[in-house]
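Taken in order, the sequence shown gives residues 273 to 422; the numbers are from the working numbering. Idealized CB from N, CA, C, for every residue including glycine.
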Amino acid sequence: MEIVKLPNKILRHKATSVSAEEIKNGSAKKLISAMRENMKKNNGVGLAANQVGSELNIFVIDPELAKTNNVPDAFTNPEITSRSRECDELEEGCLSIPEYYASISRSKKIQIKALDENGNKIKFKARGFLARVLQHEADHLNGIVIKDKK
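This is how it looks when you write it as structure tokens:
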């Protein structure tokens with residue numbers, strides 16, 4: 273499983289919702305496991321399914337970041353339900369655009385809802401770096417990359 277790079281068109285597609293069947297039969301879990309390994313191998317802090325060639329609506333984040341913030345590290349069918357008006361700007365990179373970095377403005381606080389890798393509903397508020405990572409990965413699942421934010 274290789275990281276998909278721009279200009280691959282899958283990075284511009286809106287992700288497809290994951291069905292209850294895909295969660296139950298283990299295909300989503302298999303993808304999540306492979307994504308975790310790939311993210312770690314490439315020193316990423318997040319990875320969306322379309323970055324590995326899948327159109328499923330899934331992303332993973334660094335397990336240490338998740339543990340520190342007491343949140344899951346895998347998100348299925350995620351939706352950011354609210355964003356603070358207050359933003360900050362920080363430099364971001366992307367595994368799908370090697371050696372490209374850009375200063376990106378993002379909300380300091382968000383609320384997100386999703387399913388965890390077992391299909392359980394989750395909903396929580398995030399701030400700071402965690403909020404930034406979640407927004408970056410959610411953008412990927414909507415066909416948006418950091419080059420679009422400049």
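I'd like the list of long-range same chain contacts for residue 421, defined as Cβ closer than 8 Å, with 5 residues on each side in sequence excluded. Within the sequence shown, residue 421 is the residue found at index 149, counting from 1. For residue 421, where only same-chain residues beyond five positions count, the Cβ hits under 8 Å are 374, 376, 377, 411.
Could you tell me whether the stretch 283–294 touches the stretch 306–316, using the rule of 3 or more Cβ pairs below 8 Å? no
In chain order, what are the residue ranges of uninterrupted alpha helix (DSSP H) at least 4 long that sit wholly in the stretch 305–361? 335–340
Going by DSSP in three states, residue 397 sits in which element: helix, strand or coil? For the purposes of this step, residue 397 is taken as the residue at position 125 of the sequence shown. When DSSP states are grouped into helix, strand and coil, residue 397 belongs to the strand group.
Residues that DSSP places opposite residue 386 in a beta bridge: Position 114 of the sequence shown, counting from 1, holds the residue named residue 386. Beta-bridge pairing links residue 386 to 394.
Mind the definition here: the stretch 384–395 touches the stretch 336–356 only if three or more C-beta pairs lie below 8 Å; say whether that holds. yes
Spatial neighbours of residue 407 in its chain, beta-carbon cut-off 6 Å, leaving aside the 5 residues before and after: Here residue 407 refers to the residue found at position 135 when the sequence shown is read from its first residue. The answer, listed in chain order, is 378.
Leaving out five residues on either side along the sequence, give the residues of the same chain with a beta carbon under 6 Å from the beta carbon of residue 413. Taking the sequence shown and counting its residues from 1, the one referred to as residue 413 is at position 141. So the list reads 287, 320, 329, once near-sequence residues are dropped.
Closest residue to residue 316 among 283, 351, 348, 370 (Cα-Cα distance): Within the sequence shown, numbered from 1, the residue matching residue 316 stands at position 44. Looking at the Cα atoms, 370 is the closest of the given residues.
With burial defined as no fewer than 16 other Cβ atoms inside 10 Å of the residue's Cβ, what is the status of residue 273: buried or exposed? Residue numbering aside, residue 273 sits at position 1 when the sequence shown is read from its first letter. Counting Cβ neighbours within 10 Å, residue 273 comes out exposed, since fewer than 16 surround it.
Residue 275 and residue 337 closer than 8 Å at C-beta: Looking up residue 275 in the sequence shown gives position 3. Looking up residue 337 in the sequence shown gives position 65. No, the pair does not count as a contact, with Cβ atoms beyond the cut-off.
Excluding the five sequence neighbours on either side, which residues of its own chain have a C-beta within less than 6 Å of the C-beta of residue 353, listed in chain order? Residue mapping note: residue 353 aligns to position 81 of the sequence shown, counting from 1. Taken in chain order, the residues that qualify are 383, 385.
Thinking just about the alpha-carbon of each residue, which of 405, 392, 356, 349 is nearest to the one in residue 363? As a first step, residue 363 must be located in the sequence shown, where it is residue number 91. Of 405, 392, 356, 349, the residue nearest in Cα terms is 405.
Pick helix, strand or coil for residue 409, following the three-state DSSP scheme. Position 137 of the sequence shown, counted from the first residue, corresponds to residue 409. It is helical.
What is the residue span of the alpha helix (DSSP H) that residue 287 lies within? By one-based count along the sequence shown, residue 287 stands at place 15. From DSSP, residue 287 is part of no alpha helix (DSSP H); its letter is neither H nor E.
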